[in-house]
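In what follows, a structure is listed as structure tokens, so that the remarks can point back to it.
Chains as they are written, first to last, in the working numbering: chain A, 1286 to 1626; chain B, 6 to 692.
Structure below.
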């Protein structure tokens, strides 16, 4: 019996080896040896024919062999399953070096993202965002801003005129006037928007984007202007920038100034971008001219205010290293898609 | 304004190097844009603000330099000795209208010899950006550049009647100006005339008839003060801008003409050997009083953000010759005649502030003042931008001005006429747009010309719809898009060209920003620029058109460089409601199984699919029913006038599970209801 078992087990192991990792072949081996008509089953059945004294030992030996066979089969079929899965995974591989199927990705214009980022900073500092019409009347664009008819500073703003005494606003300042007409101080606002001037060359477009800020309250001074500029630009450029105020002339402010930020390219040492000065001119600013307050019925003795204005286009160009202003209105997809979001 | 450093040093005793002078001027508000070499001289390119005409001459700049460096100004040189008959025996001067001239002075210099100027004068003029003409003309330019006061030289012997009249032009008068152009004058223009005719445009340009030429021997020097408005009006009407007109328009020093006469006589004598006649002929109907102003130090502190030291403030004002007198908190000043910009207290605060330097201003933050916006931007504006960009569209910016007639087919026939610009920059930017699309389609075309195949652009902006004359126009905020090429391309398969349903889907995406449940009727658009059979229009509850889209009309597209008509659309965001919709209230989720049945239908092409759904939606259903088109087929097996479509009906019971019999009965009722719609029949029944 022992001999027969050994032969059988040897045959089983050979068969299992031949079956390799094929699930069907492993199953065939199981049927051949452990099936109802299998070889080991037949051996077990033959135990009954032995002498009674030999039966328990033979039975135990066969059952032990059966356990070994079953364990070997379980291992083989698990291995077969693993390799079958591996083969199936292998067959369904894709080339991950090929580009994915992207959802189409558009882009916001750099002028839009720049405006939004500035708006967010001002909003967080308690400024409201105000709007106004792009077609304006003379009062809101000029008169109330201390720019009476025949004022020489009107020459600097080449105005597009429309029928009926209307015009395309030359700056977003009329929104300041409209807001001061609508509400009493305290006022803390910005007005981003489009403005128009009859000017078209390498550094000017007839339509451009401005953002102006206005703060009117009791006790507002140039110090608040300086502090606000410093806070806004430090946050916008994400680093500490120096702010410089220089005297400058704008009819609607007095004292008036230009405000510069330290050049971020050379960090103030002087380079091509800042023309060697270490400073970049950002815009005009100053204390609201008493004549402007008088035009909107605010008492200039009680209230003071500061205003400043800047060109969003220029800041977008600085921020994104855009070399040519015209790219902003050229609408070339090869330019725009670089700002995909 | 180009300023010669060598010249500056003749007028003020300053040793500082040019860079230091440039920095000092910039920090005082006279920004130096560039410092360049010109021969042996150094030249400052000065950006003089519009309110500082006093700095449009070397002497005015010297005053600022003197104030900055506490340096003394050089006194003017003595004019040459006069000889011969006095000037008032040669010429008389009359100002007919004081509104046109506040002061007119005339002197005579005899015996000039016209010839070239010496090299030093030529170099100095060159440094200041002027060309040397001859020694006489150059003398007048030297006066202009030194004092900022324009002077004009007439050839005395070519004046008719030896009488100068400053008067308003009469209608129809003509004058050939120095530039050789014959100008037709209109009534009221500022002219200098002899008894018979105009001989110069006062404060702007001389006339050819009395021009200095090589034969000139005797010169009449004009130095005058013309009111800014008078010069401006005439210069604008004739479209002339000269060095003289710019200075008079901004406001010259009313005391400068006499100094200018002295300097002109001196220069003529030096350069051309002339001898001045004794005396000056002058008419001065208006003599302005010198203005007195007061500045409070407390006010200066309120505006500057720090309290200036009283002694420093006094010396700052004294340095610019304001003759300050302290009186407690107050400082009284007398405004010198050349500082036409100093009109009120705030102006003096600026003088103190810029003299002491803006670097002294501390930093602070304004107190918090929370409030609502008066006119906030529409919240849907940025939401629509994000949505369009997230759908693969690139944001464009086109001009609000377009060519006349360009938007004609993009607006409804009843739209108001476009608003024309009175002074357009070019014919292609002549009127305000009433639709964003013409400009945006042009931008897309540019991209196609550059070789792009798939172009998706959008723009957000205002359009301008005129109202009554003088009234501000309506400026609705619009979003527009143009879509050329595929609906999305990938290497894995052929790309599908975008079609009007893609465009309509994009429109509904944006409209959904105003609330996914806002009901809007979709219909066929009738806009000239759109393909009449392939375009959509949406109306809001009030019947107003809120959006339209579709294929660009083939006749519009073929006039541009498009191989296939692109898809375009425009959405009136200002009609989407001023606020974004509030929070959605969550509804129950059905926990009973839904039943779906498909109906295969054959529709006549003229039958709107929506009419079928509308009819079937009226059939009483055992549970809430929804309808969705899931398939479309045309081709073999159907007549060309027909199309097969599959409609899926979903019954979603909320209270109890439906019985098969109920569902089948409903399906039969739907089939029966098909007979109420023209042009539809059942193709086959699904199990």
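In this text, a Cβ means the ideal position worked out from N, Cα and C, and glycines have one as well.
(request) Would you please verify whether the beta carbon of residue 569 (chain B) is less than 7 Å from any beta carbon of chain A? (result) no
(message) Any beta carbon of chain B sitting closer than 7 Å to that of residue 1616 (chain A)?
(response) yes
(message) Measuring only the C-alpha atoms, how far is residue 1599 (chain A) from residue 1430 (chain A)?
(response) 24 Å
(message) Pairs of beta-carbons, one from the segment 267-283 of chain B and one from the segment 100-111 of chain B, closer than 8 Å: are there three or more?
(response) no
(request) Pull up the CB-CB distance for residue 574 (chain B) and residue 511 (chain B), whole angstroms please, since I reckon it's below 8 Å. (result) 7 Å
(request) Would you list, in chain order, the members of the segment 1492-1503 of chain A that have their beta-carbon closer than 7 Å to a beta-carbon of chain B? (result) 1492, 1500 and 1502
(message) Tell me the DSSP secondary structure of residue 1602 (chain A) in three-state form.
(response) helix
(request) Compile a chain-ordered list of the residues in the segment 388-411 of chain B whose CB is closer than 9 Å to at least one CB of chain A. (result) 390, 391, 393, 394, 395, 396, 397, 398, 399, 400, 401, 402, 403, 404, 405 and 406
(message) Looking at the ligand FMN, does it come within less than 6 Å of residue 1307 (chain A), judged from the CB to the closest heavy atom?
(response) Here there are no bound small molecules, and the ligand FMN is not part of this structure.
(message) Give me the chain B residues within the contact set of residue 1509 (chain A), using Cβ-Cβ distance strictly less than 8 Å, ordered along the chain.
(response) 310, 369, 370 and 371
(request) List the residues of chain B that residue 1629 (chain A) touches, going by C-beta distances under 8 Å, in chain order. (result) Residue numbering for chain A in the displayed model covers 1286 to 1626; residue 1629 (chain A) lies beyond these limits and cannot be assessed.
(message) In this structure, how does DSSP classify residue 1609 (chain A) when only helix, strand and coil are distinguished?
(response) coil
(message) Please list, in chain order, the chain B residues whose beta carbon lies closer than 7 Å to that of residue 1291 (chain A).
(response) Chain B residues near residue 1291 (chain A): none, gap ~59 Å exceeds 7 Å.
(request) Given a cut-off of 7 Å, decide if residue 1384 (chain A) and residue 4 (chain B) are closer than it, judged by their beta-carbon atoms. (result) Because chain B is modelled from 6 through 692, residue 4 (chain B) falls outside the range shown and cannot be assessed.
(request) Anything in chain B within Cβ reach of residue 1416 (chain A), meaning under 8 Å, just list it in chain order. (result) 380, 381 and 382
(request) Output the residue ranges of the alpha helix (DSSP H) runs that lie fully inside the segment 1456-1499 of chain A and measure 4 residues or longer, sorted by chain position. (result) 1458-1467
(request) Kindly give me the distance between the Cβ atoms of residue 1557 (chain A) and residue 1545 (chain A), rounded to whole angstroms, as I take these residues to be in contact under 8 Å. (result) With a Cβ gap of about 16 Å, residue 1557 (chain A) and residue 1545 (chain A) do not count as contacting.
(message) Once the 5 residues before and after residue 181 (chain B) are set aside, which same chain residues still bring their CB inside 8 Å of it?
(response) 187, 188, 212, 213 and 214
(request) Flag residue 426 (chain B) as yes if its beta-carbon sits less than 7 Å from any beta-carbon of chain A, otherwise no. (result) yes
(request) Within the same chain, show all residues whose beta-carbon is closer than 8 Å to that of residue 7 (chain B), passing over the 5 residues directly before and after it, in chain order. (result) 48, 49, 50, 51, 132, 133 and 134
(request) Starting from the beta carbon of residue 1450 (chain A), find every residue of chain B whose beta carbon is closer than 7 Å, and list them in chain order. (result) 475
(request) Decide yes or no for the touch test of the segment 406-423 of chain B against the segment 1502-1518 of chain A: beta carbon pairs closer than 8 Å, at least 3 of them. (result) no
(message) Rounded to whole angstroms, what is the Cα-Cα separation between residue 231 (chain B) and residue 326 (chain B)?
(response) 24 Å
(message) So, with DSSP's three-state summary, where would you put residue 1592 (chain A)?
(response) strand
(message) Does residue 624 (chain B) come out as helix, strand or coil in the three-state DSSP assignment?
(response) coil
(message) Taking only three categories from DSSP, how would you classify residue 1534 (chain A)?
(response) coil
(request) Can you check the segment 223-304 of chain B for any alpha helix (DSSP H) of at least 4 residues that lies completely inside it and give the ranges in chain order? (result) 233-243, 248-255 and 261-277
(message) So for residue 610 (chain B), helix, strand or coil by DSSP?
(response) coil
(request) Compare the C-beta of residue 506 (chain B) against all C-beta atoms of chain A and say whether one is closer than 7 Å. (result) no
(request) Out of B:168, B:321 and B:396, state which residue places its alpha-carbon closest to the alpha-carbon of residue 353 (chain B). (result) B:321
(request) Please confirm if the segment 1393-1401 of chain A is in contact with the segment 1451-1461 of chain A, defined as three or more CB-CB distances below 8 Å between the two stretches. (result) no
(message) Between residue 1561 (chain A) and chain B, is any beta-carbon pair separated by less than 7 Å?
(response) no
(request) Helix, strand or coil for residue 475 (chain B), going by three-state DSSP, please let me know. (result) coil
(message) Considering just the uninterrupted stretch of the alpha helix (DSSP H) at residue 38 (chain B), what are its terminal residues?
(response) From DSSP, residue 38 (chain B) is part of no alpha helix (DSSP H) but of the beta strand (DSSP E) over 36-43.
(message) Suppose you measure from the CA of residue 462 (chain B) to the CA of residue 453 (chain B); what does that come to, to the nearest Å?
(response) 12 Å
(request) Show which residues of chain A have a CB atom less than 8 Å away from the CB atom of residue 496 (chain B). (result) 1383 and 1384
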